[in-house]
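Worksheet for the structure shown next.
Numbering (the working numbering), first residue to last: 38 to 164.
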């Protein structure tokens, strides 16, 4: 079945540099994204409630974006990406989440999950 791509833009009051640290380093990801995060080279292990999911780091551009591909979904085009965007006029910072849901019925639930995760990130960095 074809996965459904979605994007979410969430404003966040933080410097792009600090934000990037929280979306790219395993120890910082562990504070808001997963219970435990480990990395070996380009392979990241994300653990939630004792269940481990592995993803390969595909793209990384300092202070701008990071993209992973779940190893279990290697036969499709899906990925998840966290992109830091700064408005050129207002200098407002947002995180743009790009992810895929298994089907269109799961998109809203997936968006809600991301919003909850980003709320946790905001709380941790005091944004």
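Built from N, CA and C at the ideal position, the CB exists for glycine as well.
Would you call the CB atoms of residue i and residue j closer than 8 Å?
{"i": "residue 95", "j": "residue 102", "result": "no"}
{"i": "residue 44", "j": "residue 133", "result": "yes"}
{"i": "residue 42", "j": "residue 137", "result": "yes"}
{"i": "residue 57", "j": "residue 86", "result": "no"}
{"i": "residue 139", "j": "residue 40", "result": "yes"}
{"i": "residue 50", "j": "residue 164", "result": "yes"}
In whole angstroms, give me the CA-to-CA distance for residue i and residue j.
{"i": "residue 161", "j": "residue 130", "result": "16 Å"}
{"i": "residue 143", "j": "residue 115", "result": "15 Å"}
{"i": "residue 47", "j": "residue 77", "result": "29 Å"}
{"i": "residue 68", "j": "residue 52", "result": "18 Å"}
{"i": "residue 122", "j": "residue 73", "result": "27 Å"}
{"i": "residue 156", "j": "residue 109", "result": "27 Å"}
{"i": "residue 64", "j": "residue 135", "result": "22 Å"}
{"i": "residue 75", "j": "residue 124", "result": "32 Å"}
{"i": "residue 29", "j": "residue 145", "result": "No information on residue 29 is available, as it lies outside the stretch 38 to 164 that the chain covers here."}
Count the other C-beta atoms from every protein chain shown that fall within 10 angstroms of the C-beta of residue i, then say buried if there are 16 or more, exposed otherwise.
{"i": "residue 88", "result": "exposed"}
{"i": "residue 54", "result": "exposed"}
{"i": "residue 119", "result": "buried"}
{"i": "residue 158", "result": "buried"}
{"i": "residue 150", "result": "exposed"}
{"i": "residue 66", "result": "buried"}
Starting from the Cα of residue i, find the closest Cα among the options and give me that residue.
{"i": "residue 107", "options": "84, 72, 126", "result": "84"}
{"i": "residue 153", "options": "70, 93, 51", "result": "70"}
{"i": "residue 117", "options": "126, 60, 52", "result": "60"}
{"i": "residue 97", "options": "62, 126, 141, 147", "result": "62"}
Assuming residue i and residue j form a contact by the criterion Cβ under 8 Å, report the distance between their Cβ atoms to the nearest whole angstrom.
{"i": "residue 91", "j": "residue 82", "result": "5 Å"}
Does any CB atom of chain D fall closer than 8 Å to the CB of residue i?
{"i": "residue 150", "result": "Annotation note: the requested chain D is absent from the structure, which comprises a single protein chain."}
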